[in-house]
Amino acid sequence: MEDYSAYTDQRLIELLADEDRLAYTEIYNRYWPVLFAHAYKMLKNHDAARDIIQDIFTDLWMQASGLQIKHSIRAYLYAMVRFKVLDVIRRNLHYEKHLDSLATFAEKAEFNTDNTIIFNEFVKRIDDEVAQLPDRMREIFQKSRFEGLSNKEIAEDLNISHETVKKTITRALKILRSKLRSFILIWF
Numbered sequence: 001m002e003d004y005s006a007y008t009d010q011r012l013i014e015l016l017a018d019e020d021r022l023a024y025t026e027i028y029n030r031y032w033p034v035l036f037a038h039a040y041k042m043l044k045n046h047d048a049a050r051d052i053i054q055d056i057f058t059d060l061w062m063q064a065s066g067l068q069i070k071h072s073i074r075a076y077l078y079a080m081v082r083f084k085v086l087d088v089i090r091r092n093l094h095y096e097k098h099l100d101s102l103a104t105f106a107e108k109a110e111f112n113t114d115n116t117i118i119f120n121e122f123v124k125r126i127d128d129e130v131a132q133l134p135d136r137m138r139e140i141f142q143k144s145r146f147e148g149l150s151n152k153e154i155a156e157d158l159n160i161s162h163e164t165v166k167k168t169i170t171r172a173l174k175i176l177r178s179k180l181r182s183f184i185l186i187w188f
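Just so you know, full-length UniProt numbering puts 151 at position 151 of the sequence shown, and the rest follows in order with no gaps.
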């Protein structure tokens, strides 16, 4: 059996492009610890860092046959970590921005049975309102808010302009705010 640990990164990339599982395993073993430490340093969250690194290695394997890394695998993987971490931070900031009142409620309120029921009703109401959005708007909104895709990624995925994605998300948020405003005012 060959000793893959002796291979250079460039050789491992070549083998990975041929879907060599041992090359993938060596890259995983070689880079998982440092990538995890890098993600954890930025997020200060063990679970989120682990999930990001797992996603990166899953993506790496799924793209193995078409993989074309022009520079080092190390630089490629670190760039993937940065992009994923930025996505997590962006989603968290967005979530905090639009659900600030809910966060305040959660921090200050005692979570007794009544509050749990109200919270669950609120989540269900959001899901119901999202389900009532027009099909294309709902698809774009879900890709943005639930799948965490960027506007650019959504535009490429759906073969539409970046501006269309942006306007559609803005309209969806306006509709949801309008429909949820009375619910929020009553309970929060």
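Glycine included, each C-beta is placed from N, C-alpha and C at the ideal position.
Would DSSP call PRO134 helix, strand or coil?
coil
For LEU173, verify whether its CB is less than 7 Å away from any heavy atom of the ligand SAM.
Of ligands this structure carries none, so the ligand SAM is not represented either.
Contacting residues, own chain, Cβ-Cβ under 7 Å from VAL85 (five flanking each side not counted):
ALA39, MET42, LEU43 and ILE52
Contacts around ALA75, its chain only, beta-carbon distance under 6 Å, and the 5 residues preceding and following it disregarded
Within the same chain, ALA75 has no close Cβ partners at all.
Mapping the DSSP letters down to three states, classify THR25 as helix, strand or coil.
helix
Name the residue from ASP87, ALA6 and TYR28 whose alpha carbon lies nearest to the alpha carbon of SER150.
Measuring from the Cα of SER150, the nearest candidate turns out to be ASP87.
Going by DSSP in three states, PHE188 sits in which element: helix, strand or coil?
Per-residue confidence for PHE188 stands at a pLDDT of 48, beneath the threshold of 50, marking its modelled position as unreliable; the derived number appears in the next sentence. Note: PHE188 maps to coil in three-state DSSP.
Cα separation between ALA79 and ARG136?
If you take the alpha carbons of ALA79 and ARG136, they lie about 31 Å apart.
Taking the straight line between their C-alpha atoms, what separation do you get for residue 267 and LEU173?
Past the boundaries of the shown model lies residue 267; the chain is included only from 1 to 188, so the question cannot be answered.
Closest by CA to LEU67, which one among ARG90, ARG30, PHE83 and ASP20?
ASP20
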